[in-house]
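**Q** In order, the protein sequences belong to chains A and B. Position one of the first sequence corresponds to residue 12 (our numbering), numbered consecutively onward. Position one of the second sequence corresponds to residue 2 (our numbering), numbered consecutively onward. From the three backbone atoms N, C-alpha and C, an ideal C-beta is built for every residue, glycine too. Computed from a predicted model, the values in this text were never measured in an experiment.
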Amino acid sequence: DQQVKQNSPSLSVQEGRISILNCDYTNSMFDYFLWYKKYPAEGPTFLISISSIKDKNEDGRFTVFLNKSAKHLSLHIVPSQPGDSAVYFCAASQYNNNDMRFGAGTRLTVKP
Amino acid sequence: ETGVTQSPTHLIKTRGQQVTLRCSSQSGHNTVSWYQQALGQGPQFIFQYYREEENGRGNFPPRFSGLQFPNYSSELNVNALELDDSALYLCASSSPLGGVNTEAFFGQGTRLTVV
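1) Near Asp89(A), which residues of its chain fall below 7 Å by C-beta distance, leaving aside the five closest residues on each side in sequence?
2) Using a C-beta to C-beta distance shorter than 8 Å, which residues of chain A count as neighbours of Leu91(B)?
3) Would you call Ser75(B) buried or exposed, if buried means 16 or more other Cβ atoms sit within 10 Å of its Cβ?
4) Can you give me the C-alpha to C-alpha distance between Gly59(B) and Gly4(B), rounded to a whole angstrom?
5) Decide if Val15(A) is buried, meaning its Cβ has at least 16 other Cβ atoms within 10 Å, or exposed.
6) Nearest-angstrom Cα distance between Pro123(A) and Leu22(A)?
7) Tell me whether Gly110(B) sits in a helix, a strand or coil according to DSSP, three-state version.
8) Have a look at Val115(B) and Asn80(B) and give me their C-alpha separation to the nearest angstrom.
9) Do Gln105(A) and Asp66(A) have their CB atoms nearer than 7 Å?
10) Can you give the Cα-Cα distance for Asn18(A) and Tyr36(B), rounded to whole angstroms?
11) Between which two residues does the beta strand (DSSP E) containing Ile31(A) stretch?
12) Could you tell me the alpha carbon to alpha carbon distance between Pro9(B) and Arg23(B), rounded to whole angstroms?
13) Between Ala105(B) and Ser87(B), which are expected to be in contact by the criterion C-beta below 8 Å, what is the C-beta distance as a whole number of angstroms?
14) Taking the alpha carbon of Thr56(A) as the reference point, which residue from Thr74(A), Asn68(A) and Cys101(A) has its own alpha carbon closest?
15) Tell me the rounded alpha-carbon separation between Phe61(B) and Gly27(A).
16) Which two residues bound the contiguous beta strand (DSSP E) that contains Leu84(B)?
Right, dumping it as structure tokens:
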């Protein structure tokens with residue numbers, strides 16, 4: 012049961028432009044959402060999170076948007092940099108539940 | 002402040018054998034979670050340990066078991082290895098605030114190949 016879906020396996024953008032990564036979830040009980048970035052041969056690195064009481068959270072070049080009615084979240088990276096090239100995973104959990112569900116990931120390539 | 006470290010980084014086992022993977026949590030973190038990441042997929046939750054007790058389990062059979070030690074380091078044991086157990090095993094540590102989940106910090110993973 013894939014409760015978190017990232018339907019785009021890959022995304023390619025030009026340096027300086029906006030990258031938008033999307034994630035959909037099916038479990039309405041999820042109330043805490045995270046984005047992780049993963050480079051080859053490394054573990055996932057926490058990027059940004061958002062709780063269901065918010066619809067936007069911003070940290071520097073990274074902004075996460077949450078649309079609870081659509082069960083959709085997105086990660087915006089502006090401006091994109093070549094060092095942002097990595098696999099991005101979205102994850103979801105409940106505040107009182109430790110079972111964090113991950114999407115399959117989106118490989119972002121930022122071209123110089 | 003040390004990060005999450007896992008050992009070994011790679012290993013190859015034969016079907017039917019047993020394996021133990023190790024994880025040292027980040028300083029100050031009392032919770033360790035284990036994940037299995039198959040090729041082309043996202044990490045899948047195996048189980049979590051909090052203060053040496055199992056604190057939640059995903060959809061994995063009992064031959065996947067674990068331990069957490071007083072220093073919060075952890076082991077993942079897998080018995081009767083199957084070919085489908087070949088994957089990247091990730092350990093993540095966190096320090097929930099009042100039972101509320103916070104972001105987890107991952108180690109680099111152990112790549113297990115079962116032949």
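**A** The answer reads as follows:
1) The displayed chain sequence assigns Val, not Asp, to residue 89(A). Excluding residues within five positions, the ones whose Cβ falls inside 7 Å are Ile29 and Arg72.
2) The contacting residues are Gly54 and Pro55.
3) Answer is buried; the Cβ neighbour count reaches 16.
4) About 25 Å.
5) Val15(A) should be labelled buried.
6) When rounded, the distance between both Cα atoms is 14 Å.
7) Collapsing the DSSP output to three states places Gly110(B) in coil.
8) The alpha-carbon atoms of Val115(B) and Asn80(B) are separated by roughly 12 Å.
9) With respect to Asp66(A), Gln105(A) sits apart: the two C-beta atoms are not nearer than 7 Å.
10) In this structure, the CA atom of Asn18(A) is about 21 Å from the CA atom of Tyr36(B).
11) Here the beta strand (DSSP E) through Ile31(A) covers Ser30 to Tyr36.
12) Rounded to the nearest angstrom, the two C-alpha atoms are 7 Å apart.
13) That belief does not hold up - the Cβ atoms of Ala105(B) and Ser87(B) are roughly 24 Å apart, past 8 Å.
14) Residue Cys101(A) is the option with its Cα nearest to Thr56(A).
15) Cα to Cα, Phe61(B) sits roughly 43 Å from Gly27(A).
16) Per DSSP, Leu84(B) lies in no beta strand (DSSP E) and is assigned neither H nor E.
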